[in-house]
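To keep things clear, I will list the structure first and then write my remarks on it.
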Amino acid sequence: MIFDLAIIGGGPAGVAAGVYAARKRLRTVFITTDFNSQSSVSENIQNWIGTTSLSGLDLAQNLKKHLLAYADDVVDVKEGETAELIKKIGESASGGNFIVKTNAAEYATRTVLITSGSQRRKLEIPGAAEFDNKGLTYCASCDGPLFAGKDVVVIGGGNAAFETAAQLLAYAKSVTLLNRGNEFKADPITVENVGKHPNVKLVKNAIPVRVEGDKFVNAIVYKDAKTGKEIRLGVEGIFVEIGLIPNTYFVKDIIKLNKYGQIPIDHKTQMTEVRGIWAAGDNTDGLYHQNNIAAGDAVKALEDIYLHLRT
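Under my numbering, the first residue of the sequence shown is numbered 98, with each subsequent residue one higher.
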C-alpha cells in the first residue's frame, strides 16, 4: 500500500504531527526508534506549555500515550525502527511518491515529514558522563530554574552559549562562560550585552579538563591554553553548549543540507527544496530550537501537507 504520509521521528514535533494526521484521517506510517528526545535526560521540565512540571521521561511517555490514543487504524506506529534512506519514485502533479527504508522494512508514501531532531554534542572529558544530569546539563530552558542562587558555568563561545548565559542570569548567582579559543563565535553585540552584566565572567583560552563532584557537580577544572596552568572553579552547575548534530544522515542523498547538516526549509510552510518533503524541529535551519517550537512547526507542516494532499 501507499501511505499518505510518513513521519520520521518520535519527539514533540513528530507526535504533534502524528496527532494532527490522525485527526485529519491521513493514512500515516509513523517511524521512530523511540519517543525520547533531548529533554528525556531532564528531571524537571518547567516550560512545556500546559504542564507546570514534569520529567523528560514523563514527557516522552505522555507523547506516546497521546499519539496512541488517536492513532486508531489511521496512524501505523512503527516503534523500534530507524530510518536509513529516503528515495523518490516517479513524478506526479503533487511531486511524486517516496520510499522510506528503515532497518526493518520499506514504506511507500506520497509525502514525508522529517522530525528526527538532533543530538547535542557531548562534552568528552573525565567526569562529564558520570555527572550528566547530576549538575551537568545540556538544556538551560529545561533545567535553568533548578540552579537558582547557584554559581554555574557555561561551556561554549557561540550564540547558543551566550543565550544560555543570558537565560541563566535570571536564576543563577553567577555565570562563568568558558571558551576554548581566543575569540568568541557569537555576534559581537551579543557578547557585549551579556558580558557587561555584573554577574557574568567571560574566560577565553579555557580548555575543559575534567568535571569533579561527589553526588553532584561541585567543580570544573580547565587549562589556560596560553600558560598551560590548570584552574579549578567551584560551581554547582555546568551547562554545555558546544553545538548540535542534526539527525539528518539518512536524507543527505535527497536533500541538500546546509553547512551545519541542517535541512533548509521554507519557514512559512516547513517544506524542503524537494516537493513532497517537509521538515520540522531541531533538524531544520530554524532560528530557535525548543520543544514547544518544534511541536508548533510540525503542526504548521501538517496543515500544509494536508492542503498539498487534499486540494
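All residues carry an ideal CB built from backbone N, CA and C; glycine is no exception.
Owing to the predicted nature of the structure, the values given are computational and were not obtained by experimental measurement.
Next item on the list: With a 10 Å radius around its C-beta and 16 neighbouring C-beta atoms as the bar for buried, classify M368 as buried or exposed.
Entry: M368 is buried by the Cβ-count criterion.
Check: What residue does the alpha helix (DSSP H) around Y403 start on, and which one ends it?
Finding: Per DSSP, the unbroken alpha helix (DSSP H) holding Y403 starts and ends at 388–407.
Checklist line | Alpha carbon of P393 to alpha carbon of F132, nearest angstrom | finding: Note that residue 393 corresponds to Gly in the displayed sequence, not to Pro. Roughly 17 Å between the two C-alpha positions.
Notebook entry, point to check: Any contact of the stretch 169–186 with the stretch 198–211, i.e. 3+ C-beta pairs under 8 Å?
Noted result: Contact holds: three or more Cβ-Cβ distances are below 8 Å.
Next item on the list: Would you kindly report the start and end of the unbroken alpha helix (DSSP H) that includes G153?
Entry: Segment 153–168, the alpha helix (DSSP H) holding G153.
Notebook entry, point to check: Under 7 Å, do D248 and K282 count as touching if we go by C-beta distance?
Noted result: For the 7 Å CB-CB criterion, D248 and K282 do not form a contact.
Next item on the list: Report yes if the C-beta distance between A103 and V209 is below 7 Å; otherwise report no.
Entry: At the C-beta level, A103 and V209 come within 7 Å of one another.
Note to self: Give the list of continuous beta strand (DSSP E) stretches no shorter than 3 residues that lie fully inside the stretch 319–401.
What the structure shows: If we require 3 residues or more, the beta strand (DSSP E) runs fully inside the stretch 319–401 come out as 327–331, 334–337, 341–343, 374–376.
Next item on the list: Using a threshold of 7 Å, state whether the C-beta atoms of S137 and P343 are closer than that.
Entry: No; because the gap between Cβ atoms is not below 7 Å, this pair is not in contact.
Notebook entry, point to check: Which whole-angstrom value is the C-beta distance of N315 and T345, which I expect to be below 8 Å?
Noted result: Their Cβ separation, rounded to whole angstroms, is 38 Å, which puts N315 and T345 out of contact at 8 Å.
Next item on the list: Count the other C-beta atoms from every protein chain shown that fall within 10 angstroms of the C-beta of L399, then say buried if there are 16 or more, exposed otherwise.
Entry: When all chains shown are included, L399 counts as buried.
Next item on the list: Can you give me the Cβ contacts of A237 inside the same chain, cut-off strictly under 7 Å, excluding the 5 residues immediately before and after it?
Entry: Scanning its chain for C-beta atoms nearer than 7 Å, with the 5 sequence neighbours on each side dropped, one finds around A237 the residues T261, Q264, L265, F336, in chain order.
Checklist line | Own chain residues within Cβ distance below 7 Å of R124, not counting five before or after | finding: Taken in chain order, the residues that qualify are F100, D101, V171.
Next item on the list: Leaving aside the five residues before and after V116 along the sequence, list all residues of the same chain whose C-beta is less than 7 Å from its C-beta, in chain order.
Entry: Closer than 7 Å at Cβ, skipping near neighbours: H163, L164, Y167.
Notebook entry, point to check: To which residues of the same chain is E309 closer than 8 Å at the C-beta, ignoring the five residues directly before and after it?
Noted result: Answer for E309: G224, N315, A316, I317, V318, R329, listed in chain order.
Note to self: Within the continuous beta strand (DSSP E) that includes D173, where are the two ends?
What the structure shows: Residues 172–176.
Check: Looking at C-alpha atoms only, which residue of I339, D350, V396 is the closest neighbour of K365?
Finding: Of I339, D350, V396, the residue nearest in Cα terms is V396.
Checklist line | Beta-carbon spacing of V250, T273 below 7 Å | finding: Taking 7 Å as the Cβ cut-off, V250 and T273 qualify as a contacting pair.
Check: Which residue comes first and which comes last in the alpha helix (DSSP H) that contains D240?
Finding: Looking at the DSSP string, the run of the alpha helix (DSSP H) that includes D240 is 237–240.
Check: Does DSSP classify T261 as helix, strand or coil?
Finding: T261 falls in the helix class under three-state DSSP.
Next item on the list: Have a look at I362, N388, G383, D382 and flag the residue whose alpha-carbon is nearest the alpha-carbon of D401.
Entry: For D401, the closest of I362, N388, G383, D382 by C-alpha to C-alpha distance is I362.
Notebook entry, point to check: What are the boundary residues of the alpha helix (DSSP H) that A111 is part of?
Noted result: In the sequence on display, residue 111 carries Gly and not Ala. Here the alpha helix (DSSP H) through G111 covers 109–120.
Note to self: Is it buried or exposed, Y357, if we count other Cβ atoms within 10 angstroms and call 16 or more buried?
What the structure shows: It is exposed - the Cβ of Y357 has fewer than 16 other Cβ atoms within 10 Å.
Margin query: Helix, strand or coil, according to DSSP, for G246 in the structure here?
Written below: Secondary structure of G246 (DSSP, three-state): coil.
Next item on the list: Hey, could you find the ends of the beta strand (DSSP E) E181 is sitting in?
Entry: Annotation: the continuous beta strand (DSSP E) that includes E181 extends over 180–186.
Item checked: 8 Å Cβ shell around F313 - same chain, five flanking residues per side excluded -> Excluding five sequence positions before and after F313, the CB atoms of its chain that fall closer than 8 Å to its own CB belong to F228, K231, G232, E333, given in chain order.
Margin query: Please classify L404 as buried or exposed, where buried requires at least 16 other C-beta atoms within 10 Å of its C-beta.
Written below: L404 should be labelled exposed.
Notebook entry, point to check: Which ranges does the beta strand (DSSP E) cover as unbroken runs of at least 3 residues, wholly within the stretch 266–329, from first to last along the chain?
Noted result: Segments of the beta strand (DSSP E) lying fully in the stretch 266–329: 271–275, 297–300, 303–310, 314–321.
Next item on the list: Just the C-alpha distance for A205 and I351, rounded to the nearest angstrom, thanks.
Entry: Taking the straight line from one Cα to the other gives about 16 Å.
Next item on the list: Kindly indicate which three-state DSSP category Q143 falls into: helix, strand or coil?
Entry: Looking at Q143 - three-state DSSP - the assignment turns out to be coil, as it is neither helix nor strand.
Item checked: Cutoff 6 Å; reference G253; Cβ partners in own chain excluding five residues on either side -> Answer for G253: E338, I339, listed in chain order.
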